[in-house]
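Encoded as structure tokens, the structure appears first; notes follow it.
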Amino acid sequence: MAIENIDQELCNGCGICVGLCPEDVLRISEETGKAVIRYPEDCVACWACESFCPVECITVTKERAMELPTPY
Amino acid sequence: MKNIEKLGEVISTDVLVIGGGISGMCAAMKAKESQVDVKVIDKGAVGWAGHVPIAGGAIIDVPPGQEDEWFNFAVRNGGYLNNQDWTYAFAENIHRNLTELFSWGFPFVTIKGEIAILSRLKDYATTQFAPAKSMIKLKSAAKARGVGILDKIFMVDLLQQDGKVVGAIGFSLLDGKTYIFHSKAVIIASSSCRYQRAKLFAAISGEGPAMAYRAGAQLMNDEFHNNYGYELKATGTFHRHAMYLFFENALGERIIEKYYPEVAASKERGKEIQDFWQIADAMYREVQAGRGPIYLDLTKLTPEEREIATTKRFVELDYGALPPPIYCMRAFQVLREKAGIDPDKDKIEVQPMFTVGQGPLRIDLNCKTTLDGLWAVGDAASLGSGWTGARASGTHPGWSIAFAIVSGFRGGQSAGEHAATADKVEIDYERAKQIKKRIFAPLGRQGDMRANDIIYQVHEAIVPMKYNFYREAGRLKEAIGIVDKARQSLVRVGAKDAHELMRYHQAESMVLSAEWDLRSALMREESRGTHYREDFPYRDDKNWLKWLVIKEEKGLPRLWTENVPIEKYRLKPK
């Protein structure tokens, strides 16, 4: 599932998650000024957004959006 | 030059730094000392993006007086393939560079107001810092010096004129607007290509080496780009602690003791080795023998083992309001919260992780590439500099970031000095127009494949250990065939907006990098450092004390070798 939700009530629009996402998954909505998930198919579930969010409003599961070949 | 404005927004500067991570920001700070205009661009937000905030924590040091001892270790460890001038320059500069970085506000762990130097590891000293806000501090210092910063801009190609690099072209990820930077010096500080494989290094897809290669720059040492560690399978996290001592196969047998008894014995000395590829090897061989999967089992340790497993490897750091690094300090917390696995009660499945290594841009002691007007610092050029010889610096924790700092300082200073006296060379409109056309070609194109499909294909070629760890001529050719197909498929990928256009270019950068990795691996017919050839399993100094160089010629990579100038160097192999 990877990134699941950004709580639009709690989000304060600081933009940290948009800036640090390594895959450019997130945007600040022009209408609401809050962070939104724009490209969930590229989320790697690194938890950077969830960890750094100052109001803890982002939830990310453990699965990447895209499964990858194994080393074995 | 006024036609250029028809192509996009033109921004003029003296020194353009592509990438706002630690190497780029150090380069920007030093370039500014030449009183020139400096601008840093990042595809994320400077201060938050890149490796350091989520993966940082340790930086090695070479305290004054220890240069020779460290140098001897580094050259032996590098299989004598080092550019020993660079290796020694690192040893001579890291301590004073760290001191200067500290003076800029970088949050090191201190003892009595000085950077704390910890010597827990066998062969080198380490410092530690609080990573989460460290780049915000560096950003403040840079802004105070007048460094300009532009976020969320993705750079794709360099611009050249009269044999010089005169700028670069890219686009905004937010609104797709074209940006053309016109400069006297360009510094590539955008890391290497890590294929967006390990979560820790997911930001890194290789545009820096790719754009330099297309412009004609030389690459070097790319056969050592491979680097395998291990990860907790459920979460893709790991920690750099002696947990591998407790890896067991499905029969409950400890595996490290079997293959690397000296590594297992190191627990007696309370020290750890840092060669994680040995761990990957042990895991793979057990699984191939039918005794997998491999587990980390902490549920039945002896009291002595429990002490090793729980010893705080890092000094308690004050992370303030922000969390400690996910990938070391919080690995078990994440395992509990996200995967419902309790290390106190459950066995934890582990597997090899393709972490990949540093980048191959060839640079001299001043971080100049083989192109006039182009410098490269940090991970983009760490392999290519030759400072660690036959391995990527990422095989040891705290080394890559140390090189990012030393090279950032050197490259920034060199580029700044150049820009202070160089004339600006005009950008040719027709050439810029052609490059822009190439960059935007996928936009609006109907595609039946996505960039992620190409990326998946690249992973199929370079992740399996049978291709990229246990290398062998026949299998390497097979892997090269997979990458060839991926390259041919690129034309089937379209993009409907700036984000998808970026994904296309990231896939293209990864295809290029995989080609260099595998072709270099095929050419080096010996084993050395992290490059292991089943068909040539021994080190061959007689024929292979050489550097393998790559350059684009007529659209294809040309590879050749150059002798390591070992007669000039301090240390020679026996």
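First to last, the protein sequences are chains A and B.
Here the first sequence is numbered in my numbering, starting from 1 and rising by one per residue.
Here the second sequence is numbered in my numbering, starting from 73 and rising by one per residue.
Glycine included, each C-beta is placed from N, C-alpha and C at the ideal position.
Only a predicted model underlies this, so the values are computations on that prediction, with no experimental measurement involved.
Approximately 4 Å separates the beta-carbon atoms of Thr-442/B and Gln-290/B; this is inside 8 Å, confirming the contact. In the DSSP assignment, Ala-35/A falls within the unbroken beta strand (DSSP E) covering 35 to 37. In this structure Ile-131/B does not touch Gly-484/B by the C-beta definition: roughly 18 Å separates them, more than the 8 Å allowed. From the beta-carbon of Glu-358/B, no residue of chain A is found nearer than 7 Å; the closest lies around 11 Å away. For chain A, the residues of the region 213 to 229 of chain B that bring a beta carbon within less than 9 Å of one of its beta carbons are Asp-223, Lys-224, Phe-226, in chain order. Against chain A, the CB of Met-537/B has a partner CB under 8 Å away; the residue lies at that interface.
Taking every protein chain shown into account, the CB of Pro-333/B has fewer than 16 other CB atoms within 10 angstroms, so this residue is exposed. Proximity of the region 413 to 422 of chain B to the region 432 to 446 of chain B falls short of the contact definition, fewer than three beta-carbon pairs being nearer than 8 Å. Within chain A, no residue has its CB atom less than 8 Å from the CB of Val-555/B, the nearest being about 13 Å off. For Ala-474/B, the closest Cβ of chain A is not nearer than 8 Å.
In this structure, the beta-carbon distance from Val-89/B to Val-110/B falls below 8 Å. For Lys-111/B, the secondary structure class from DSSP, reduced to helix, strand or coil, is strand. Between Ile-638/B and His-577/B, the alpha-carbon positions lie close to 39 Å from each other. The straight-line gap separating the alpha-carbon atoms of Ser-599/B and Phe-143/B is approximately 22 Å. Rounded to whole angstroms, Thr-198/B and Arg-482/B show a C-alpha spacing of 21 Å. Neighbourhood of His-490/B in chain A, by CB distance below 8 Å: empty, with the nearest CB roughly 31 Å away. Looking at the DSSP output, Cys-265/B bridges to Ser-277/B. In terms of beta-carbon proximity, Leu-245/B lines the interface with chain A, with at least one pair separated by less than 8 Å.
Taking 8 Å as the upper bound for CB-CB distance, Cys-43/A and Ala-65/A are in contact here, some 5 Å apart. At a cut-off of 8 Å between beta carbons, Ala-48/A contacts chain B. Val-87/B is bridged by DSSP to Val-110/B, Ala-257/B. Using beta-carbon distances, Val-44/A counts as an interface residue toward chain B, with a partner under 8 Å. Taken through DSSP and simplified to helix, strand or coil, Tyr-367/B comes out as strand. The three-state reading of DSSP puts Ser-561/B in helix, counting H, G and I together. Counting only residues of its own chain and dropping the five nearest sequence neighbours on each side, Ala-336/B has a CB closer than 8 Å to the CB of Leu-317, Arg-326, Ile-328, Glu-329. DSSP places Ile-189/B outside both helix and strand once states are collapsed to three, so it counts as coil.
Beta-bridge analysis with DSSP links Trp-447/B to Ile-259/B, Lys-440/B. With fewer than 16 other CB atoms across the displayed protein chains lying within 10 angstroms of its CB, Asn-5/A is exposed. Collapsing the DSSP output to three states places His-603/B in a strand.
Counting C-beta atoms within 10 angstroms of its own C-beta, Tyr-604/B has 16 or more neighbours from the protein chains shown and is therefore classed as buried.
Taking a beta-carbon distance threshold of 8 Å, Ile-16/A counts as an interface residue toward chain B.
In the pairwise beta carbon analysis, the region 204 to 220 of chain B is classified as touching the region 96 to 106 of chain B: at least three pairs are separated by under 8 Å. Asn-321/B is positioned such that its CB atom lies no closer than 8 Å to that of Ala-464/B. The beta carbon of Asp-24/A sits closer than 8 Å to some beta carbon of chain B. Close partners of Met-66/A in chain B (Cβ separation under 9 Å): Asn-524, Ile-527, Tyr-528. Considering only Trp-47/A, Pro-71/A, Glu-56/A, Phe-52/A, the residue with the shortest C-alpha distance to Lys-62/A is Trp-47/A.
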